[in-house]
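Engineer: Residues 0 to 335 in numbering that gives the first Met the number 0 are what the sequence shown spells out, letter by letter. Think of the CB as a built atom: it goes at the ideal place given N, C-alpha and C, for glycine as much as any other residue. Below you'll find the structure I mean.
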Amino acid sequence: MTDEFYMQLALDKAWQYQGLTYPNPAVGAVVVQDGKILSIEAHQKAGTSHAEVLALLSAYESISGHKIDFDKFDSQLGHKFLLDLPQEFFSECSIYVTLEPCSHTGKTPSCALLLAELDLSCVVIGTKDPIVGHGGGIDIVGRGILSPTINIGILEEACQALIEPFMIWQSRAFVLFKLAQSTNGRIGGGYLSSQSSLTHVHQLREVCDTLLIGGNTVRVDKPTLDCRFTEGKAPHVKIYSKVDNFDREIPLFSIENRDVDVVNNLDFLEKPSFVLVEGGEGMLEALKEKIDWMLIYQTPKLSANTLTYNTTMNLQFLHTEKKDVDMMIWSKQIGH
0 MTDEFYMQLA LDKAWQYQGL TYPNPAVGAV VVQDGKILSI EAHQKAGTSH AEVLALLSAY
60 ESISGHKIDF DKFDSQLGHK FLLDLPQEFF SECSIYVTLE PCSHTGKTPS CALLLAELDL
120 SCVVIGTKDP IVGHGGGIDI VGRGILSPTI NIGILEEACQ ALIEPFMIWQ SRAFVLFKLA
180 QSTNGRIGGG YLSSQSSLTH VHQLREVCDT LLIGGNTVRV DKPTLDCRFT EGKAPHVKIY
240 SKVDNFDREI PLFSIENRDV DVVNNLDFLE KPSFVLVEGG EGMLEALKEK IDWMLIYQTP
300 KLSANTLTYN TTMNLQFLHT EKKDVDMMIW SKQIGH
């Protein structure tokens with residue numbers, strides 16, 4: 000198998016957690032020994048173990064045949080466990096990671112320092128960390144005790160596309176428009192998506208800074224917009240509307256510990272943040288020039304409903320994957 004094959008596995012795994020790692024980037028990692036895949040992992044949530052640590056811990060389980068008896072997502076415990084292994088434990092292993100290992104220590108220890116201490120045969124990196132001041136991980140790994148072989152730039156363009164949201168929310172809001180539609184492009188009429196898709200939406204709601212909706216959605220649908228499928232904290236909501244004539248007795252306004260604001264401009268999008276948009280044709284048209292990416296949940300259904308997104312957009316598909324019976328499509332406007 001080629002380096003590109005293993006890196007693609009890491010990319011596909013990372014895409015499963017796209018957006019959910021906010022404010023961190025999505026990152027995937029694969030550990031291989033003599034052509035055998037030992038682990039495929041990805042960073043899943045900010046403040047928890049990074050992809051490299053999860054992949055190495057899973058590789059340990061594959062090599063040793065022993066299950067780890069602590070929380071793998073505790074980065075401090077993970078780093079300590081790996082550093083306490085015999086130095087030659089991973090000497091026949093290569094690790095593939097989509098993004099340059101982090102050089103700094105924050106909520107989690109430095110992955111570059113960890114890799115520098117381990118006797119890995121090869122470290123393969125998709126793309127360098129593009130954030131000024133975040134780099135240096137490659138140099139740290141290269142100065143390790145046994146100086147592993149380092150290959151850089153494998154599927155670099157795809158690895159850079161993976162972290163585009165991370166790059167955007169450094170300076171302004173990353174705006175993700177979510178929509179669900181039937182195979183014949185119809186919307187509305189109750190839940191269209193599978194339970195897996197609905198749960199994924201609620202996971203995104205949990206991590207976003209703001210859930211942006213249109214006034215008509217509030218007036219007509221009277222939504223709750225919580226995170227009941229994940230039992231998480233409901234997102235703060237902004238209603239984009241020229242007129243504030245909303246019924247404050249509907250469920251949307253009754254959830255504790257969240258803000259619901261009515262706004263008549265989009266100036267808040269200038270602030271670094273993650274904004275998830277849920278709405279119909281009116282919101283899509285109003286925000287067309289502000290939307291960075293679209294997340295489409297396409298269901299294997301044909302609907303007689305007449306509602307649709309009656310607009311013209313040329314999209315580039317970035318990644319697709321199955322969510323139960325649905326197809327989940329990450330995309331963006333061509334030329335945007």
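What does a CB cutoff of less than 7 Å around Q336 pick up in its chain, not counting 5 residues either side in sequence?
Structural biologist: The chain is shown from 0 up to 335; residue 336 falls before or after that span and cannot be answered.
Engineer: Helix or strand or just coil, what does DSSP make of Q194?
Structural biologist: DSSP, reduced to helix, strand and coil, places Q194 within a helical segment of the structure shown.
Engineer: Which residues in the same chain have their Cβ closer than 7 Å to the Cβ of F228, if we skip the five residues on either side of it in sequence?
Structural biologist: L197, T198 and H201
Engineer: Check for me: the alpha helix (DSSP H) holding V52 runs from which residue to which?
Structural biologist: A50 to S63
Engineer: For Y239, report the span of its beta strand (DSSP E) as first-last.
Structural biologist: V236 to Y239
Engineer: Closest to V262 by CA distance: which of V96, I94 and V236 is it?
Structural biologist: Of the candidates V96, I94 and V236, the one whose C-alpha sits nearest the C-alpha of V262 is V236.
Engineer: What do you reckon, are the CB atoms on Y16 and A25 nearer than 7 Å?
Structural biologist: Y16 is a Cβ neighbour of A25, given a cutoff of 7 Å.
Engineer: Hey, could you find the ends of the beta strand (DSSP E) A25 is sitting in?
Structural biologist: Taken as a continuous stretch (DSSP letters only), A25 belongs to no beta strand (DSSP E), as it is neither H nor E.
Engineer: Given this structure, state the Cα-to-Cα distance separating Q159 from I167, to the nearest angstrom.
Structural biologist: 12 Å
Engineer: Looking at the unbroken beta strand (DSSP E) that takes in G125, where does it start and where does it end?
Structural biologist: For G125, the enclosing beta strand (DSSP E) begins and ends at C121 to T126.
Engineer: Leaving out the 5 sequence neighbours to the left and right, which residues in its chain are closer than 6 Å to K331 when beta-carbon positions are compared?
Structural biologist: W292 and Q315
Engineer: Suppose contacts are defined by Cβ-Cβ distances below 7 Å. Is S102 in contact with G136 by that definition?
Structural biologist: yes
Engineer: Can you find at least 3 beta carbon pairs, one from the stretch 209 to 225 and one from the stretch 241 to 251, that sit closer than 8 Å?
Structural biologist: yes
Engineer: Which residues does DSSP list as the beta-bridge partners of C92?
Structural biologist: Q32
Engineer: Name the two residues that bound the continuous alpha helix (DSSP H) containing D2.
Structural biologist: D2 to W14
Engineer: Name the residue from L81, E284 and R171 whose alpha carbon lies nearest to the alpha carbon of P108.
Structural biologist: L81
Engineer: What residues are listed by DSSP as bridge partners for G97?
Structural biologist: According to the sequence provided, residue 97 is Thr. The question's Gly does not apply to it. T97 is not bridged by DSSP to any residue.
Engineer: Could you give the DSSP three-state label for T148: helix, strand or coil?
Structural biologist: Here T148 sits in strand by DSSP.
Engineer: Answer yes if the stretch 22 to 39 comes into contact with the stretch 81 to 97, meaning at least three C-beta pairs across the two stretches below 8 Å, and no otherwise.
Structural biologist: yes
Engineer: Strictly by DSSP, which residues pair up with H318?
Structural biologist: In the DSSP output, where bridge partners are listed per residue, H318 has W329.
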